[in-house]
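Trainee: In this note's numbering, the protein residues as written are 163 to 257.
In this text, a Cβ means the ideal position worked out from N, Cα and C, and glycines have one as well.
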């Protein structure tokens, strides 16, 4: 799903996404970024993305996905903490 399509989601439900914050400037997970840059994790590529994401129906299903992919995420996103966050909060910058 792309960020511009978020209005297609059911507004009465809460959605969760795996998210990450760049721990340093020019972080290897997102070369050229600034420290503190916020990204969702693209579930297909396991790469940080500002635009592409896969919403989960619950925090638990998002956390399960993170745990299943933990080894690859740690390799591709070194030094960062991947968290399950409410999509609405993330998009509004509240999380």
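For a test of the three-state rule: what should DSSP assign to residue 227, helix, strand or coil?
Mentor: Here residue 227 refers to the residue found at position 65 when the chain shown is read from its first residue. Of the three classes helix, strand and coil, the one that applies to residue 227 here is helix, per DSSP.
Trainee: Pick out whichever of 205, 186 and 243 has its Cα sitting closest to the Cα of residue 196.
Mentor: For this step, residue 196 is matched to residue 34 along the chain shown. Per the Cα distances, 186.
Trainee: What residues match up with residue 200 in a beta bridge as DSSP calls it?
Mentor: Your numbering for residue 200 matches position 38 in the chain shown. Residue 200 pairs with 183.
Trainee: Could you tell me which residues DSSP puts in a beta bridge with residue 215?
Mentor: Here the question's residue 215 lines up with position 53 in the chain shown. Paired residues: none, contrary to the question.
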